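**Q** In UniProt numbering, the protein residues as written are 1 to 474.
Ideal Cβ placement from N, Cα and C applies to all residues, glycine included.
Everything numeric in this text was worked out from a predicted model, so none of it was measured.
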């Protein structure tokens with residue numbers, strides 16, 4: 001029996017869960033497109049106008065570390081937990097062969113383990129594994145800096161630093177998306193650069209790699225299910241589903257910065273890329289992103305594939321490595337899991353996002369990552385888990401848990417979703433009726449490949465999480 005210590009500090013009560021207003025995605029897109037077409041609902045949250053209730057009669061996720069104590073109710077049992085969710089795992093909507101693992105974090109006991117050793121595609125739920133590898137390398141409180149330095153006479157160089165959520169105008173110090181603004185950067189440079197016309201070029205050498213990893217289907221990029229992987233980008237250029245996107249490049253950021261310089265009274269034109277500036281080049285201005293933890297949290301909340309790949313590439317460089325020529329970050333993720341003591345037997349990972357085909361993960365691996373992340377040795381990962389999408393309120397769970405049999409628990413379970421053609425997954429945390437913290441992962445990989453099939457499977461997974469939340473399971 002595997003056991004993990006019970007330790008977890010949650011970053012805020014359910015009643016303070018943030019509201020998200022996003023674009024409603026048409027699941028009719030399931031009818032065609034690339035491999036990721038059915039994963040659209042994991043990328044942008046739906047419309048939300050819900051209040052922020054703490055469900056009556058239920059215990060919200062704890063704001064202090066749950067330690068074994070008399071204050072907690074009786075421990076759930078294997079028999080009780082199996083009885084609560086057994087019929088849901090056998091529900092026809094899941095297509096047969098669904099697997100699940102449920103763990104009592106307080107005691108460390110695995111309560112349910114159903115077909116958990118079989119490697120299977122888990123879609124965007126794979127991002128949980130990548131988050132552990134990323135947070136074990138990058139400081140959660142560090143930021144990404146976009147800088148401008150002096151180049152040749154009359155020239156300035158815009159230096160990419162990893163931030164792909166740049167505002168074109170002023171930054172918003174309270175936001176994650178658009179925390180740093182090119183307008184603010186231009187104001188600094190306009191004041192600091194020598195008088196006269198300026199030429200501007202971009203240095204995109206930091207953590208550079210192919211914009212489309214070889215593991216991805218380029219059609220998924222063209223269709224707007226993800227943006228390209230770059231080390232500089234504009235918040236306004238994030239994909240919007242249902243619209244054919246303009247093909248973004250790093251030149252968009254360069255052009256936006258040049259336009260901002262002109263708006264600040266400087267004559268400026270863009271130049272093609274050139275050699276990297278000298279390491280001791282004079283800094284003319286800089287702006288910083290939100291902390292890495294908040295950017296990663298945003299990537300998990302909206303299931304942003306490019307953000308996970310971007311941060312993985314930065315972690316590779318921070319570890320002293322080089323981004324692979326094919327752009328595939330899977331080896332980094334696997335190495336990070338092994339370093340954290342996670343058994344990766346049977347695991348095949350090509351990228352950090354779970355977007356590419358041919359990736360297989362046993363549910364036991366996901367369970368071990370959740371349990372390990374909740375321990376005291378991985379504070380960055382604990383913060384990520386505390387900020388997973390909240391049922392019925394935020395991110396890819398914003399429009400879920402809204403049926404009569406699940407609405408009462410909205411605001412309690414927090415989980416990462418995963419949806420691909422024929423696959424539905426959910427992995428995260430909840431508290432049961434006795435206040436005990438449970439982790440869970442449930443995956444169905446024989447879901448009927450239709451609009452109705454996806455909706456039905458998703459609703460069953462919501463009922464699975466709701467059953468754990470309502471249950472004392474003694």
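1. Using the Cα positions of residue 288 and residue 73, report the straight-line distance between them to the nearest angstrom.
2. Hey, could you find the ends of the alpha helix (DSSP H) residue 366 is sitting in?
3. Classify residue 424: buried if its beta carbon has 16 or more other beta carbons within 10 angstroms, exposed otherwise.
4. Within the continuous alpha helix (DSSP H) that includes residue 294, where are the two ends?
5. Let me confirm a value: residue 394 is counted as buried when at least 16 other C-beta atoms fall within 10 Å, else exposed. Which label applies?
6. Excluding the 5 residues flanking residue 122 on each side, which residues of the same chain have their C-beta closer than 6 Å to its C-beta?
7. Give a yes or no on whether the C-beta atoms belonging to residue 441 and residue 367 are separated by under 8 Å.
8. Return the first residue and the last residue of the alpha helix (DSSP H) that residue 462 is part of.
9. Any idea if residue 301 is buried or exposed, counting beta-carbon neighbours within 10 angstroms, 16 or more meaning buried?
10. Taking buried to mean at least 16 other C-beta atoms within 10 Å of its own C-beta, is residue 403 buried or exposed?
11. In this structure, how does DSSP classify residue 155 when only helix, strand and coil are distinguished?
12. Checking 8 Å against the spacing of the C-beta atoms, do residue 213 and residue 310 come in under that value?
13. Taking contact to mean at least 3 C-beta pairs separated by less than 8 Å, is the stretch 320-327 in contact with the stretch 206-220?
14. Identify whether residue 203 lies in helix, strand or coil by the three-state DSSP scheme.
15. Taking the C-alpha atoms as reference points, what is the distance between residue 52 and residue 157?
16. Residues in its own chain within less than 6 Å of residue 477 by CB, not counting five upstream and five downstream?
17. Please specify which runs of the alpha helix (DSSP H), each continuous and at least 4 residues long, are wholly inside the stretch 111-160, giving them in chain order.
18. Looking at C-alpha atoms only, which residue of 297, 314, 134 and 397 is the closest neighbour of residue 205?
19. If you follow the beta strand (DSSP E) that residue 182 is in, where does it begin and where does it stop?
20. Looking at the unbroken beta strand (DSSP E) that takes in residue 440, where does it start and where does it end?
21. Quick test of the definition: if touching needs 3 or more C-beta pairs under 8 Å, does the stretch 92-106 touch the stretch 368-378?
22. In whole angstroms, give me the CA-to-CA distance for residue 128 and residue 346.
23. For residue 416, count neighbouring Cβ atoms within 10 angstroms of its own Cβ and tell me buried if that reaches 16, exposed if not.
24. Let me know if residue 139 comes out buried or exposed under the rule of 16 or more other beta-carbons within 10 Å of its beta-carbon.
25. Would you give the residue range spanned by the alpha helix (DSSP H) that residue 377 belongs to?
26. Are the Cβ atoms of residue 340 and residue 93 separated by less than 8 Å?
27. For the alpha helix (DSSP H) holding residue 286, just list the boundary residues, first then last.
28. In the DSSP assignment, the alpha helix (DSSP H) including residue 406 goes from what residue to what residue?
29. Does the Cβ of residue 389 have 16 or more other Cβ atoms within 10 Å, making it buried, or fewer, making it exposed?
30. Can you tell me whether residue 76 is buried or exposed, with buried defined as 16 or more other CB within 10 angstroms of its CB?
31. If you follow the beta strand (DSSP E) that residue 423 is in, where does it begin and where does it stop?
32. 8 Å is my cut-off, CB to CB: does residue 472 come that close to chain C?
33. Just how far apart, CA to CA, sit residue 96 and residue 223?
34. Kindly list the residues whose CB is nearer than 6 Å to the CB of residue 98, restricted to its own chain and excluding five residues on each side of it in sequence; keep chain order.
**A** According to the structure shown:
1. Along the chain shown, read from residue 1 onward, the residue named residue 288 stands at position 288. Along the chain shown, read from residue 1 onward, the residue named residue 73 stands at position 73. Each residue's Cα considered, the two are about 45 Å apart.
2. Against the chain shown, residue 366 aligns to sequence position 366. Start and end: 363-373.
3. Taking the first residue of the chain shown as 1, we reach residue 424 at position 424. Answer is buried; the Cβ neighbour count reaches 16.
4. Against the chain shown, residue 294 aligns to sequence position 294. Looking at the DSSP string, the run of the alpha helix (DSSP H) that includes residue 294 is 292-301.
5. Numbered from 1 along the chain shown, position 394 holds the residue referred to as residue 394. Flag for residue 394 reads buried.
6. One-based indexing of the chain shown puts residue 122 at position 122. Answer for residue 122: 361, 418, 425 and 443, listed in chain order.
7. Numbered from 1 along the chain shown, position 441 holds the residue referred to as residue 441. Numbered from 1 along the chain shown, position 367 holds the residue referred to as residue 367. Contact flag set, yes.
8. Numbered from its first residue, the chain shown carries residue 462 at position 462. From DSSP, the alpha helix (DSSP H) with residue 462 extends over 451-470.
9. For this step, residue 301 is matched to residue 301 along the chain shown. Classification of residue 301: buried, given that the 10 Å Cβ count is 16 or more.
10. Taking the first residue of the chain shown as position 1, residue 403 is located at position 403. Answer is exposed; the Cβ neighbour count stays below 16.
11. The residue labelled residue 155 in the question sits at position 155 within the chain shown. Strand.
12. Sequence index remark: in the chain shown, residue 213 carries index 213 (1-based). Sequence index remark: in the chain shown, residue 310 carries index 310 (1-based). Contact flag unset, no.
13. yes
14. Counted from its first residue, the chain shown places residue 203 at position 203. In the structure shown, residue 203 sits in a strand (DSSP, three-state: E or B).
15. Translated into the one-based positions of the chain shown, residue 52 becomes position 52. Translated into the one-based positions of the chain shown, residue 157 becomes position 157. Interpretation of residue 52 is limited by its pLDDT of 36, a score under 50 that renders its predicted location unreliable; no figure is taken from the coordinates.
16. Here the chain comprises residues numbered 1 to 474, so residue 477 is not present and cannot be evaluated.
17. 127-135
18. Taking the first residue of the chain shown as position 1, residue 205 is located at position 205. Cα-wise, what sits closest to residue 205 is 314.
19. Translated into the one-based positions of the chain shown, residue 182 becomes position 182. Here residue 182 belongs to no beta strand (DSSP E); instead the alpha helix (DSSP H) covers 182-192.
20. On the chain shown, residue 440 is found 440 positions in, with the first residue counted as 1. Counting along the chain, the beta strand (DSSP E) containing residue 440 begins and ends at 437-444.
21. yes
22. Taking the first residue of the chain shown as position 1, residue 128 is located at position 128. Taking the first residue of the chain shown as position 1, residue 346 is located at position 346. Going by the C-alpha atoms only, they are around 17 Å apart.
23. In the chain shown, the residue the question calls residue 416 occupies position 416. Residue 416 is buried by the Cβ-count criterion.
24. Within the chain shown, numbered from 1, the residue matching residue 139 stands at position 139. Its Cβ having fewer than 16 others within 10 Å, residue 139 is exposed.
25. Position 377 of the chain shown, counted from the start, is the residue given in the question as residue 377. It is not in any alpha helix (DSSP H) - residue 377 carries neither H nor E in the DSSP assignment.
26. Residue numbering aside, residue 340 sits at position 340 when the chain shown is read from its first letter. Residue numbering aside, residue 93 sits at position 93 when the chain shown is read from its first letter. It is not a contact, given that the beta carbons lie outside the stated cut-off.
27. On the chain shown, residue 286 is found 286 positions in, with the first residue counted as 1. That residue, residue 286, is in no alpha helix (DSSP H); its beta strand (DSSP E) goes 283-288.
28. Working through the chain shown from its first residue, we reach residue 406 at position 406. Segment: none, residue 406 is in no alpha helix (DSSP H) and carries neither H nor E.
29. What you label residue 389 is simply residue 389 of the chain shown in a count that begins at 1. Under this definition residue 389 is a buried residue.
30. Within the chain shown, the letter at position 76 stands for residue 76. So residue 76 counts as buried.
31. Position 423 of the chain shown, counting from 1, holds the residue named residue 423. Residue 423 -> beta strand (DSSP E) spans 423-431.
32. Here there is only one protein chain, and chain C is not present.
33. Translated into the one-based positions of the chain shown, residue 96 becomes position 96. Translated into the one-based positions of the chain shown, residue 223 becomes position 223. About 31 Å.
34. The residue labelled residue 98 in the question sits at position 98 within the chain shown. So the list reads 89 and 444, once near-sequence residues are dropped.
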